[in-house]
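In the working numbering, the protein residues as written are 1 to 273. C-beta: ideal position from N, C-alpha, C; glycine also.
Written as structure tokens, this is what we have:
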């Protein structure tokens, strides 16, 4: 499934700083962080909570597919979200469709677990995140998702033609919205969401925020990427290389190729996506 871009939304899919500052761990099973500073070349971050690549999936899909954006005076933003759209985008291409859920054409629809989605959003709402840019600018302690509520607006339910379904109102914190306004990225996240391995997702997200015109000979060494992501040397890096190669087809969707120990820019322009 390709996630359509919403022209009415001024929010990007994400910010390059979300991956640069290591807000999301390079795993789908994040460990709980207790607030120690993590230093990167672009600044530092500290997190109380457990945020991984699945949390990044949810945020990028919601920001890409939001039906409506309402900015509040205090800087927070309300997103009108269709959970059905998010669950479809989150579902694995290899996931067995749910036989009781069918589209208007009669075909079965694969959906990500509704309970699983709730757990991910709870994680985004519970974690405390604080960052400081290299130049000294600070984001303050904040949540990413400030609140999740039922919206007053309803939508037609494609799985139940005679019913409507309730939409969500997701409130993003003012600090998160400000971060999204800096080095915003507008790509379709579905190729990354459907990668087999979390480390592949983390690598792709980091590279999509890099200007490929500045890559030496349009290549980026995996060693430098692993250093940025703070992946331990030894077996963890050997495992990461193997997993990235297995996700080569998904990398290709973003004009990225795997050549030995390097990521290669295969796009026509040689510029960032």
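In the structure shown, residue 139 falls within a coil segment according to DSSP collapsed to helix, strand and coil. The closest CA to that of residue 155, considering only 46, 236, 85, is found on 85. Of all C-beta pairs linking the segment 28–47 to the segment 237–244, fewer than three are shorter than 8 Å, placing the two stretches out of contact. In the structure shown, residue 66 adopts coil according to DSSP, grouped into three states.
Take the alpha-carbon of residue 178 and the one of residue 166: they are about 29 Å apart. In this structure, the CA atom of residue 187 is about 14 Å from the CA atom of residue 89. A direct Cα-to-Cα measurement between residue 136 and residue 40 gives close to 13 Å.
Judged by DSSP secondary structure, residue 17 falls within the alpha helix (DSSP H) whose first and last residues are 16–20.
In the three-state reduction of the DSSP assignment, residue 195 falls in the coil class, being assigned neither a helical nor a strand state. Taking 8 Å as the upper bound for CB-CB distance, residue 174 and residue 75 are in contact here, some 3 Å apart.
Cβ atoms of residue 197 and residue 243 come within 8 Å of each other, at about 4 Å.
Unbroken alpha helix (DSSP H) stretches of 4 residues or longer found wholly inside the segment 234–270: 235–246, 248–252, given in chain order. When DSSP states are grouped into helix, strand and coil, residue 79 belongs to the strand group. Closest option to residue 29, judged by alpha-carbon separation, among 17, 80, 16, 52: 52. If you look at residue 163, you'll find it isn't in any alpha helix (DSSP H); DSSP assigns it neither H nor E. Burial state of residue 189 is buried, judged by a 10 Å Cβ sphere holding 16 or more other Cβ atoms.
DSSP places residue 119 within a helical segment (H, G or I) once states are collapsed to three. DSSP, read as helix, strand or coil, puts residue 183 in coil.
In the DSSP assignment, residue 128 falls within the beta strand (DSSP E) that extends over 128–133. Only buried fits residue 64, as 16 or more other CB atoms lie within 10 angstroms of its CB.
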